[in-house]
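Colleague:
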Amino acid sequence: MIFITERISSMNGLTTGNLLRNGDFSQLELDGQLSIWNTTVGQGNTSVTILPRKYLSLNAVEISAYANGTFVTLTQTIQLEHSTNKSLLVMTFWHRTWIVYGSGSILLEFYDSSNYKIGNEYMKFFSRNLTWTYVRIKRPIHSYAISAKSVIQMYNSVGAVLMTNISIEQVDVWKNATFFVSLRQDGTIFIQWSLENHNNSVASYDIYRGKGILSTLDDIILLVTIRTMFSYRKNIYESMYTDHSVHLNAIYTYQVIARPSNGALIDRTILIIGQTDLVEDYYNITALIALPRTNGIHLSWKLRAKSTANTVTLYNSIDSVSKINNSRAQLLGTYPVQDMKAIVGLSNTGPFLLVSDDGNDIATVKLANLTRSRIVLTPIHLDFIREKINQSGHAQEVFKALIKSIYTYQPDNSFNYCWPARDAALLYAITRDINYVHIAYSALNANRINYTIYDQSAVKLRFSLSTMARSQAFDWAYDAFTMQQGQKLINDFQYAASIFTLHLTQVKCEVYLWVIYFFINTTPIMAIM
C-alpha cells in the first residue's frame, strides 16, 4: 500500500488554547503552540482538511475526513522530560463529532532513542457524539521512552471531529493535576481544575492570580478561597470558578493550591495563563462591558487597536449619540483610555454609551436592574399576611406550625438546611423579629453550598434547589444582614452561578435550566454573574 504524507498547518493563525501546556516540552513555538500536524492519508479516495472554527466561545480545530476504505492519521510528537519523577502522561480535551459512518480514535504512542515504537496506548474511541464532551485520560510513560506521539486516527470514515483546549502534561506519578481555562467573550475567565491525592482531605482551594509569573504566593495575589466538602467517599475534587474581576486586554496567570484544614499545602496546579477574550476580530472593535458589583456598576472598555483617542466619555440611560444632551443625569464622566475601567453608582441602570474624544469609537451596553428584589413582599402583601395570621383560622395555624418547624426541623444533610433558613427569613419579613435573622443566617452557614460538584444530575438538581431557597432567604432578610454577611452570601451566589455551564445533553440541560430559572425568578443576584 502506498501512503501520501503531508504537513498541514492546523492553526491558520488561530490559537486553539493550551495545546501543550507543559513548559518543558521542546516541540513548542514561541507562543506555546504547536503549529504543525503531521498528516498521513492512505491510498484511495481520501481527503482531509483542518480548519479553524468557533463553538461555545472557544476556538476549536475541525478535522474533516473522507476516508473510503482506508484511514487517516494526524500526529504530534512530544519530547519527554527525563531524570524526573514525572512518569505519567495526562491528556485532556473537549470534543464533538459528526461521524456519518466509520470510526475514529485517539492513541498515545511511545518511542525510544532509535525512534522505534515501544508502546501503543489506546485512549479514546470516537463515534457520533453531537454533545461537547470533556475527556481526561492518564497513561504511564514507558521507561525507555524518549518521545511520545498523540495520534488522531480515523478509519473508513466520513465525518468531522472538533477538538478544543487540548492539553498534554507530563506529571508526577503520585499526583495528577489538570487545569482548564475557558476565555469568555463577556470579559470573564472560567477556570476548572482537578487534583487527585489519596492521603489527604482537601478542605479548601486558594486561587492565586497575577499579571506576571507567580514566583511567590501571598495575600496580595490571593483571588479567592473556596471550601470543599468530602463526597462520595472519594478524595477527588473537581472544582470551578469564574473570575469576573478582570480587565479587557490584560493577560492573567493563575494557580490553584489545595489545602487541608490546618492550611498546609497538599497539592497545586501548574501555572496557567489566560486572556479575557477570544473574539477573532477583537483588536478591530471597540467593546464596552457593564458588570454589576456590590460596590457599584463596573464599566470596562477596550478601544480598537488603531484608535487614536486619548479619553472616553460615558453616558447613562442612552444608547445613541443622537440622544446626548450633556445633562447631569446622562453624563457619568470622562476617563483616560488607559484606565480601561470606571465604577459608577448602582443607581445607574443603563443602557450605557461610550464615546471617544475624537468621535471615532462608540459602544453601548445594557444592564439588568439589580436595585430591587425579584421576589417582592410589598408592604401590602405583608399587611395582608399579618391580618390573616391574627385571625383564628387556617392561616394562623399554618403560621404557628411554621414557627415550630424552624426549631424542630432535623435536616439529614447540609443541603436541607436551606429550608429552615428560608422559613426563618420569611418569619422575619412578617414579624421583623431579629432573632429569626440569626436563625436564618446560622442555617445558611450550615447549608454552605457544596463546592465539590460532580457530574451527576441528581446532585446538581439538589444543589440548584438548595440555591433557590438560599436566594429566597437572602431576599427576605436582606435588610437585616450586616454588610459582611451580605457580601459572604453574594460570593456564594456568584460561585453557584459560575459552576453551571450549559451542556446539551437532555438531563444536564434540564438541571441547568432549573438553576437559571430559579435564579432569575427568585433573586437579583443572578444578574451579577
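If you count the sequence shown from 1, position 198 lands on 203 in our numbering, and the numbers rise without skipping.
Every residue gets a Cβ at the ideal spot worked out from N, C-alpha and C, and that includes glycine.
(1) Evaluate the contact criterion for the segment 297-311 versus the segment 328-336: three or more CB pairs, one atom per stretch, below 8 Å.
(2) Thinking just about the alpha-carbon of each residue, which of Ile-123, Met-159, Arg-232 and Leu-56 is nearest to the one in Asn-496?
(3) Relative to the C-alpha of Met-473, which residue among Asp-428, Asn-440 and Arg-437 is closest?
(4) Hey, is the segment 333-348 in contact with the segment 302-319, meaning 3+ C-beta pairs nearer than 8 Å?
(5) Considering only residues of the same chain and omitting the five flanking positions on each side of Gly-28, which have a CB-CB separation below 6 Å?
(6) Mark Arg-214 as exposed unless 16 or more other C-beta atoms lie within 10 angstroms of its C-beta, in which case mark it buried.
(7) Is Met-168 near Ala-70, with beta carbons less than 8 Å apart?
(8) What number of angstroms, rounded off, separates the C-alpha of Ala-448 from the C-alpha of Gly-268?
(9) Need the endpoints of the alpha helix (DSSP H) that Thr-413 sits in, please.
(10) Starting from Leu-319, trace the beta strand (DSSP E) in both directions and tell me its first and last residue.
(11) Give me the DSSP bridge partner(s) of Asp-211.
(12) Please state if the CB of Ser-361 and the CB of Ser-5 are separated by a distance shorter than 8 Å.
(13) Report the CB separation of Val-140 from Phe-98 in whole angstroms; it is logged as a contact under 8 Å.
(14) Determine, for Gly-301, whether the minimum Cβ-Cβ distance to residues of chain C falls below 8 Å.
(15) If Lys-143 sits next to Leu-93, beta carbons under 8 Å apart, how far is it from one beta carbon to the other, in whole angstroms?
(16) Using the Cα positions of Val-166 and Ile-146, report the straight-line distance between them to the nearest angstrom.
(17) By Cβ distance below 7 Å, which residues in the same chain neighbour Gln-490 in space, the five residues on each side in sequence not counted?
(18) Keeping to the same chain, check which residues put their C-beta closer than 7 Å to that of Ala-616; ignore five residues upstream and five downstream.
(19) Smallest Cα separation from Thr-230: which of Val-251, Tyr-257, Thr-258 and Ser-266?
(20) For Asp-117 versus Ile-151, is the C-beta spacing smaller than 8 Å?
(21) Going by beta carbon distance, what residues of the same chain come within less than 8 Å of Val-163, once the five residues before and after it are set aside?
(22) Taking all protein chains shown into account, do 16 or more other C-beta atoms lie within 10 angstroms of the C-beta of Asn-440, making it buried, or fewer, making it exposed?
(23) By alpha-carbon positions, which one of Trp-198, Ile-444, Leu-359 and Leu-358 ends up nearest to Ala-482?
(24) On the criterion of 16 or more Cβ atoms from any shown chain inside 10 Å, does Arg-391 qualify as buried, or is it exposed?
(25) Do Ser-471 and Asn-450 have their C-beta atoms closer together than 8 Å?
(26) Taking just the CA atoms, how far does Ile-157 sit from Phe-53?
(27) So for Val-342, helix, strand or coil by DSSP?
(28) What does DSSP give as the partner residues of Tyr-246 in its beta bridges?
(29) Please report how far the alpha carbon of Ala-368 lies from the alpha carbon of Met-345, in whole angstroms.
(30) Cα-Cα, which of Glu-114, Gln-477, Thr-247 and Leu-56 is closest to Ile-83?
(31) With a floor of 4 residues, list each alpha helix (DSSP H) that falls wholly inside the segment 67-116, ordered by position along the chain.
(32) For the beta strand (DSSP E) containing His-303, name the first residue and the last one.
(33) Compute the Euclidean distance between the alpha carbons of Pro-356 and Gln-260, then round it to the nearest angstrom.
(34) Output yes or no for whether 8 Å exceeds the beta carbon distance between Asp-324 and Ile-262.
(35) Excluding the 5 residues preceding and the 5 following Ile-348 in the sequence, name in chain order all residues of the same chain whose CB lies nearer than 8 Å to its CB.
(36) Answer yes or no: do Leu-432 and Leu-407 have a C-beta to C-beta separation smaller than 8 Å?
Modeller: The answer reads as follows:
(1) no
(2) Relative to Asn-496, the option among Ile-123, Met-159, Arg-232 and Leu-56 whose CA is nearest is Arg-232.
(3) Asp-428
(4) yes
(5) Low local confidence applies: a pLDDT of 26 at Gly-28 is under 50, so the model's placement there is unreliable, with the coordinate-based value given in what follows. Cβ neighbours of Gly-28 beyond the five flanking positions: none.
(6) Within 10 angstroms of the beta-carbon of Arg-214 lie 16 or more other beta-carbons, which makes it buried.
(7) no
(8) When rounded, the distance between both Cα atoms is 25 Å.
(9) Unbroken alpha helix (DSSP H) run through Thr-413: 399-413.
(10) 316-321
(11) Thr-230 and Ile-262
(12) A question about residue 5 goes unanswered here, because the residues of the chain that appear run from 6 up to 534.
(13) 6 Å
(14) No chain C appears in this structure, which consists of one protein chain only.
(15) With 8 Å as the limit, Lys-143 and Leu-93 qualify as a contact, their Cβ atoms being about 5 Å apart.
(16) Taking the straight line joining both Cα atoms gives about 27 Å.
(17) Tyr-446
(18) No answer is possible for residue 616: the residues shown for the chain start at 6 and end at 534.
(19) Between Thr-230 and the set Val-251, Tyr-257, Thr-258 and Ser-266, the nearest pair of CA atoms involves Ser-266.
(20) yes
(21) Ala-70, Tyr-71, Ala-72, Asn-73, Ile-104, Val-105, Tyr-106 and Gly-107
(22) exposed
(23) Selection Trp-198, Ile-444, Leu-359 and Leu-358 evaluated against Ala-482 yields Ile-444 as nearest (Cα-Cα).
(24) exposed
(25) No. Outside cutoff.
(26) It is worth fixing the name first, because residue 53 is Val in this sequence and not Phe. Between Val-53 and Ile-157, the C-alpha separation is close to 12 Å.
(27) helix
(28) Ile-196
(29) Rounded to whole angstroms, Ala-368 to Met-345 spans 13 Å at the Cα level.
(30) Glu-114
(31) None, since the segment 67-116 contains no complete alpha helix (DSSP H) of that length.
(32) 301-307
(33) 36 Å
(34) no
(35) Arg-298, Asn-300, Gly-301, Ile-302, His-303 and Leu-304
(36) yes
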